[in-house]
Amino acid sequence: MKKTHTAHLSLIIGTLLMLLDQLFWTSHAKHINISKVGTLMSTIQVQHIITLIGLDLVIISLGYIYSKKENSLAEALKLWLYTVVVGLISTIICFLLTKKIDTNAIYSIFLPIIRNVSPVITGVILSLICYPFMKKVNQRYLKWILLALLLLPTLSGIDSLGLSDGYSISFTFILFYLGVIEASEEKRFSIISLILLCLMNVLCVTMMPLCSKIVHGDMSTALRFTTSISFFEVMIAIYFIRLLRNIPFFNKWSFIRYIPIASLVLIGAGRLENIVSWNEDLVGTSFNKLFRQSELEALLIVFIIFLVTLLIKQLPQVKRVVKSIEEHFSDFELSNQWFTKETQLIKQHLKNHRINIIMLLCAYILSFASFIAMNTSYNIEINAIETYNIFWYTLFARQFFVLLNTLMLVLVARFLMAITRRYWVSVLITGFAQIVITVANRLKVIYREEPIIPGDLAMIKAWKSLLGMMGKNIIIASIALVVLVVILIIYLEKKHPYAIHMSLKKSIIWVLVTSIFFSGTLLFNHDGSYVNALMRDLGDQPYFFNQLFGAKVNGPLLQFLNNIDVSVMDEPENYSKETMTQLYKKYVQESARINRRRRNDWDDQIVIMGLSESFADPYRIPELTLANDPIPYIRSLMKTTTSGLMYSTGYGGGTANMEYMALTGLNQGFFSAALTPYTQLVPTQNQAYAFSRLFNQAVAIHPYIGVYYSRQTVYQNFGFNKFMYLGSKYPIKHQSSIDRSAYLSDETAYANTIDEILDAQGSKFINLVTMQNHLPYDNNYYDGKEKYAASGNAVTNDYVRGMVEEYVMGLHHTDEAVKNFIEKIDSINKPITFVFYGDHLPGIYWDTSNNNILHQTDYFIYSNKYARRHLGRRIYKQYDLVAPTDFMSLVQKQTLTRTTPYSVLLEKVLDELPVITTKAAAGSKEESDAAMINDNGELIKYDDLSLSQKELYNDYKLVQYDMTAGNNYLEDMNFTR
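Residue numbers for the sequence shown follow the numbering used here, so the first one is 1 and each next one is one higher.
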């Protein structure tokens, strides 16, 4: 009597060898890639062909086993489903271990064949689908044809059939049917034939490197026989199957055939690459150690797959699905009747689920429309040189996020169904809510150029004022729309009711799934969390610096969720009203002591906080040489003013964070690493503190569009009287750009500043943010760059050289603009103090490894002639390195202006503590909330501070927490006034 499933042992051995081949021979073990002809190379190649035969054993054994199955189409479908399940499980496990995933991995889970995750699995499934036709072919002729197809590339060295390294559909198809034929022939095993084949294989493998060297003069064909597609490897595999087929090995456990499938999923999805890297970190690159480690892991992987597959097989749901598939294909026979029957079943299935299909389509359309509604034109500008049609960009580049938004709508609808048990109520409320959200976001985009974020919900408290701004017609239309939706719901529920067949168990599941999904959004911005890693790896970039762009690429719903929970900062120890009261009393006394020696108030003073985009002296960049100095005037001015270096928390970006620190005195280092204060903190505050509140008038000037970093909302919350930007009701005047630049010049920025100075009545605070030197630096904006020709090792190629010279030319124009501005304010009879600082370096110094250099920009503080005569002036040269939070303290000290309790705290921080910055900027790995750096750029640990310094550091942190995330006790005590 014939035995069945007798290829199980060869299948398992093949799987182990295949895994060993992938784990070991893709590593960087010593001698693996040796290219010197000799005994060592021959020995290594012989070892390699032993593991390479594993793939051949697997495919042929699968053909052997599946030839015993009567229902090949059912087997193909079950194999596909198993591939999906294994792909899902392996992706989850890999993510939990590495916190790495991408959209390709998600698509590959559910579309393993279309995306060809594993060509071998695809080949096996296609072979099973073709099996009803192929078994009618003469097996004898087919065998000789298949063997000839294998022999041809082995002899010629030309892979005309696309067999590749064996992991291909064509090679799988050939070997699968060789396995089928082998099962039907049941030929006897011949030890002599096996020995001869092994000797031939070893001879070819060991001699081929020498032949390649002699014939070609190189090693281009040295590995012709060291491959799974070698004719000899395949024949040896066939003979091994003949040897092992009569050995009983789990013959009754048919699920054994799925073990290599799971292994192939791991190989195809690149899951083993992480193990290979881990092995090398664990045992190094020792040949023997890595080989033994790989052997153990291959055994462990097979054992784990065995257990997981056994567990899956026992699940009642799996048994029902398997039974259903087998019954469906039990009477399969290729005929017109079968196609007619399948067509009718598909139509009936679509009809039975049409209501849910319509819901999905509507949810998708609403989701897609919400993306489009965030754009005010038909094009979306990705960067300075890439612009796409918004419909095509959303459809192709952001399809995953359209589907994600669709999923969110479906989850909400299902949640409501589980609660209300009514279809139309749930679907129409969800759809109506999505339309309202989209329209509301659209209106805000039109009027404010930004989407709705959680901070806007605070406006609900002023609902009467909001209704007044909406107008009578909009209110009436809104009420009418709500009434219409209610009437529609009532009509559909009565005339066209749809019964929801949802058990209590399923209802609870939907409620839990939806709740867990949306509660997970609270971790979107928590660095280190799995949710944060998942969303960022999938491509959800929140674009806090440009909320409108975030809404365009993520959709308004997801962008809202991106902003819903941002941890501001951890609560310091001993934070309480009593603590803050004591702290207030301490600094009130200190302020009174200092003010006895100062005679000036802010009355009639004009302070300009001038952020110069990307300004930083290029002479500090190691191994960079310029033909001429681009900033001679600023360099000379810094010698006669309070000046030095500012430690920026950003490199190549982060403007708004520098601006926030300069305007508030609050340090980014204490905040959560994920926090961008301008977009995630200030909009949620009713009256955020800024130094602008010390002045009679406050004006912000930005010669660019005002949408970035929510500046319109920020300046309003900071108490600014007006914000001048392109397109605002306070127009930017004197507009000019240099040569071909896309940005308005610094001359434009300073000319508008002069207008505001002349217009000042009493004290005035001006926040100026320039744009002239903003990236890109490869658009050939300026003429005359040859004057500042760049050279040195920092200039790695012509492209970098061009960017450096373009940037430096911009600095030259800044130098001239600053000179003109200084001359003009010196001629004005008002006390003016000008703080000039660069926000960050441009991101063009790619090969500079000095972290400190990349975060040091320049600053100076200049008081005009009138201020020097009437206020008195002190120049401070000891502040070689400061933080952006120190500028107002320096102005206060230079102009001998009286302090507030808050500003005296900041003066003490300036005088007594190292520069406080973020850990990322400082390159710190300390377990602390912020990093500290001294004037030499050395990291200072908290434990290295004196007792008085620690007390001051903690006072500063307590004040910042109270003003931003705490209970604002100090506001009631007039701490900042």
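Ideal Cβ placement from N, Cα and C applies to all residues, glycine included.
Apart from the five residues on each side of it in sequence, which residues of its chain come closer than 6 Å, Cβ to Cβ, to residue i?
| i | result |
| --- | --- |
| V234 | D56, L150 |
| L152 | none |
| A690 | L663, T664, F718 |
| Y633 | D815, K819 |
| F887 | A662, V835 |
| S978 | Residue 978 is absent from the structure shown; the chain starts at 1 and stops at 977. |
| D972 | none |
| P677 | Y660 |
| N441 | P451, I452, P556 |
| A237 | I53, D56, L57, I60 |
| Y364 | T406 |
| D565 | L522 |
| N696 | G762, S763 |
Out of curiosity, what's the CA-to-CA distance linking residue i and residue j?
| i | j | result |
| --- | --- | --- |
| W144 | A533 | 53 Å |
| N47 | E297 | Reading off the sequence, residue 47 comes out as Gln, not Asn. Roughly 18 Å separates the two Cα atoms. |
| G669 | Y647 | 12 Å |
| M41 | F24 | 16 Å |
| I32 | C198 | 22 Å |
| G123 | I169 | 4 Å |
| I304 | T43 | 32 Å |
| S948 | Q687 | 32 Å |
| L626 | N936 | 25 Å |
| S465 | I474 | Confidence in S465 is poor, its pLDDT being 49 and thus under 50, which makes the residue's placement too unreliable to answer from. |
| Q878 | L645 | 11 Å |
| V978 | T91 | Outside the shown range of the chain, which is 1 to 977, sits residue 978, and nothing can be said about it. |
| T833 | V699 | 15 Å |
| L484 | F560 | 27 Å |
| K2 | N336 | Unreliable placement is indicated for K2, whose pLDDT of 45 sits below 50; the coordinate value is still reported in the next sentence. Taking the straight line joining both Cα atoms gives about 36 Å. |
| L523 | Y530 | 8 Å |
| R140 | K289 | 46 Å |
| K187 | S193 | 13 Å |
| Y167 | I121 | 9 Å |
| F306 | S108 | 23 Å |
| R422 | I500 | 7 Å |
| T684 | S286 | 57 Å |
Closer than 8 Å by C-beta to residue i: which residues in its own chain qualify, once you throw out the five before and the five after it? Chain order, please.
| i | result |
| --- | --- |
| D778 | Y799, G802, M803, E806 |
| I705 | E449, Y725, L726, G727 |
| L128 | Y66, S72, L73, E75, A76, L79 |
Measuring CA to CA, which of the options is closest to residue i?
| i | options | result |
| --- | --- | --- |
| K950 | G966, M646, I916 | I916 |
| K785 | I766, K764, L203, L811 | L811 |
| Y750 | Q772, A930, V58 | Q772 |
| I608 | R224, L890, P683 | L890 |
| G157 | T226, L282, N246 | T226 |
| S503 | R414, S212, L611 | R414 |
| E493 | I474, S478, D537, S426 | S426 |
| L611 | T309, R536, P884 | P884 |
| I34 | N104, Q139, D218 | D218 |
| T521 | T394, I490, M408 | M408 |
| A397 | L558, Q680, T103 | T103 |
| P630 | T655, M809, V795 | M809 |
| D617 | E185, R874, D858 | D858 |
| V909 | S924, T918, V882, D929 | V882 |
| A921 | F518, S164, N851, D783 | N851 |
Take residue i and list the residues in its own chain whose beta-carbon comes closer than 7 Å to its own, dropping the five residues that flank it on each side.
| i | result |
| --- | --- |
| Y961 | M569, E571, P572, Y575 |
| S1000 | Residue 1000 lies beyond the stretch modelled for the chain, which goes from 1 to 977, so this question has no answer here. |
| G431 | C362, L366 |
Which runs of the beta strand (DSSP E) fall wholly inside the region 327-383 and span at least 3 residues, in chain order? 379-381
Answer yes if the region 886-896 comes into contact with the region 942-958, meaning at least three C-beta pairs across the two stretches below 8 Å, and no otherwise. no
Please list the segments of the beta strand (DSSP E) lying wholly inside the region 385-470, counting only runs of 3 or more residues, in order along the chain. 387-389
Of all the beta strand (DSSP E) runs that stay within the bounds of the region 762-842, which reach a length of 3 or more residues? Restricted to the region 762-842, the beta strand (DSSP E) segments that are unbroken, complete and at least 3 residues in length are 764-769, 832-838, listed in chain order.
Please list the segments of the alpha helix (DSSP H) lying wholly inside the region 533-585, counting only runs of 4 or more residues, in order along the chain. The qualifying runs are 547-554, 556-562.
Are three or more beta carbon pairs between the region 588-597 and the region 402-421 nearer than 8 Å? Taking 8 Å as the limit for Cβ pairs, the verdict is that the region 402-421 does not touch the region 588-597.
Touching by the beta-carbon criterion (3+ pairs, under 8 Å), the region 67-83 and the region 316-326: yes
Specify whether the region 336-351 and the region 379-398 touch according to this definition: at least 3 beta carbon pairs, one from each stretch, less than 8 Å apart. Touching, no.
Do the region 6-23 and the region 241-252 touch if we need at least three Cβ pairs shorter than 8 Å? Short answer: they touch.
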